[in-house]
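Asker: Residue numbers (our numbering): 46 to 267.
(1) Using the three-state DSSP reduction, which class does residue 80 fall into: helix, strand or coil?
(2) Report yes or no: do three or more beta-carbon pairs, one from the region 164 to 181 and one from the region 125 to 140, lie closer than 8 Å?
(3) Is the CB-CB distance between residue 145 and residue 237 below 8 Å?
(4) Any chance the region 109 to 119 sits against the region 183 to 196, with 3 or more Cβ pairs inside 8 Å?
(5) Are at least three pairs of beta-carbons, each pair with one atom in the region 155 to 163 and one in the region 176 to 184, less than 8 Å apart?
(6) Do residue 197 and residue 216 have their beta-carbon atoms positioned less than 8 Å apart in this structure?
(7) Only counting the same chain, and skipping five residues up and downstream in sequence, which positions put a Cβ closer than 8 Å to that of residue 194?
(8) Using alpha carbons as the reference points, say which of 143, 100, 110, 123 lies closest to residue 233.
(9) Comparing alpha-carbon positions, which option in 131, 126, 140, 182 lies nearest residue 150?
(10) Report the residue ranges of all alpha helix (DSSP H) runs contained in full by the region 113 to 200; include only those spanning at least 4 residues, in chain order.
(11) Please name the residue or residues paired with residue 242 in a DSSP beta bridge.
(12) Could you tell me which residues DSSP puts in a beta bridge with residue 228?
(13) Got a sec? Which residues, its chain only, sit under 8 Å from residue 207 by beta carbon, not counting five neighbours each side?
(14) Could you pull out every residue in the same chain whose Cβ sits closer than 7 Å to the Cβ of residue 184, ignoring the five residues on either side in sequence?
(15) Give me, in chain order, the residues of the same chain whose beta-carbon lies closer than 6 Å to that of residue 205; leave out the 5 immediate sequence neighbours on both sides.
(16) Which partner residues does residue 223 have in the DSSP bridge list?
(17) Quick one: measure Cβ to Cβ for residue 235 and residue 201, integer angstroms, because I've assumed they're closer than 8 Å.
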């Protein structure tokens with residue numbers, strides 16, 4: 046025969062067929078009676094206090110473990126996001142390199158098309174094919190650059206010929222021997238040009254077109 050343990054182990058009697066509200070009221074009244082009832086012996090109180098302390102310690106351990114798992118999950122999520130961004134960046138880079146390699150192989154063909162256009166030989170079916178090719182490479186991001194009269198830029202121009210000219214104030218592209226091509230900000234071939242520099246010792250022209258001699262008021266000879 047087992048002895049009944051006084052305290053919270055006793056369960057209140059709930060009438061059968063009672064509603065949840067009735068059952069809750071019965072439990073609350075039972076708890077109040079237990080709290081207002083005379084305290085048991087000292088050993089029972091110590092046992093109850095030890096049980097509460099043990100539950101509190103377990104709750105603290107569970108909370109600590111939950112915080113650690115949450116931090117691990119957040120760190121793992123951040124690493125995964127960084128991995129996705131790195132993979133996407135590498136994918137775009139690989140695609141750009143592949144497209145640049147393909148278009149680089151087509152540049153000699155585009156040069157032939159350009160020379161045929163300059164000589165008036167781009168006619169008939171050849172013209173249709175050439176225009177279709179230029180449309181396709183343009184859709185792939187290929188851009189042509191290099192114009193006569195623009196300042197020489199060693200980062201995008203390759204000087205193949207050099208001369209002096211009295212009508213330029215800085216190193217200038219005076220002829221485009223081969224156009225340059227780029228994809229976005231990537232230059233796949235610099236523009237090959239002929240450049241001209243200002244004549245050595247020549248007086249720089251003023252904005253109003255007058256020379257240094259005219260400005261000084263020197264008398265004309267003769």
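Even for Gly, the Cβ is constructed at its ideal location relative to N, Cα and C.
Answerer: From the atom records:
(1) By 1-based counting over the chain shown, the position of residue 80 is 35. Residue placement at residue 80 is poorly supported in this model, since its pLDDT is 46, which falls under 50; the coordinates still yield a value, given next. Correct three-state label for residue 80: helix.
(2) Too few Cβ pairs lie closer than 8 Å, so no.
(3) Looking up residue 145 in the chain shown gives position 100. Looking up residue 237 in the chain shown gives position 192. No, these two residues do not count as a Cβ contact at 8 Å.
(4) Result no; under three Cβ-Cβ pairs closer than 8 Å.
(5) Contact check between the region 155 to 163 and the region 176 to 184: three or more CB pairs, one atom from each, fall below 8 Å, which counts as touching.
(6) As a working mapping, residue 216 is identified with position 171 in the chain shown. As a working mapping, residue 197 is identified with position 152 in the chain shown. For residue 216 and residue 197, yes; Cβs fall inside 8 Å.
(7) Within the chain shown, numbered from 1, the residue matching residue 194 stands at position 149. Non-local C-beta neighbours of residue 194 in its own chain, meaning closer than 8 Å and more than five positions away in sequence, comprise 217, 218, 219, ordered along the chain.
(8) Residue numbering aside, residue 233 sits at position 188 when the chain shown is read from its first letter. Of 143, 100, 110, 123, the residue nearest in Cα terms is 143.
(9) Your numbering for residue 150 matches position 105 in the chain shown. Looking at the Cα atoms, 182 is the closest of the given residues.
(10) Those alpha helix (DSSP H) runs which fall completely within the region 113 to 200 and span 4+ residues are 169 to 184.
(11) Locating residue 242 in the chain shown gives position 197, counting from the first residue. In DSSP, residue 242 forms a bridge with 209.
(12) The residue given as residue 228 occupies position 183 in the chain shown. Paired residue(s): 187, 231.
(13) Here residue 207 corresponds to residue number 162 of the chain shown, with the count starting at 1. Answer for residue 207: 239, 240, 241, 242, listed in chain order.
(14) Residue mapping note: residue 184 aligns to position 139 of the chain shown, counting from 1. The same chain holds no residue with a CB closer than 7 Å to that of residue 184 once the five nearest residues on each side in sequence are set aside.
(15) Start at 1 with the first residue of the chain shown, and residue 205 comes out as number 160. Closer than 6 Å at the Cβ level, and outside the excluded window around residue 205, lie 222, 237.
(16) Indexing the chain shown from 1 puts residue 223 at position 178. Under DSSP, the beta-bridge partners assigned to residue 223 are 237.
(17) Stepping through the chain shown from its first residue, residue 235 is reached at position 190. Stepping through the chain shown from its first residue, residue 201 is reached at position 156. At roughly 6 Å, the Cβ-Cβ gap stays under 8 Å, so residue 235 and residue 201 are in contact.
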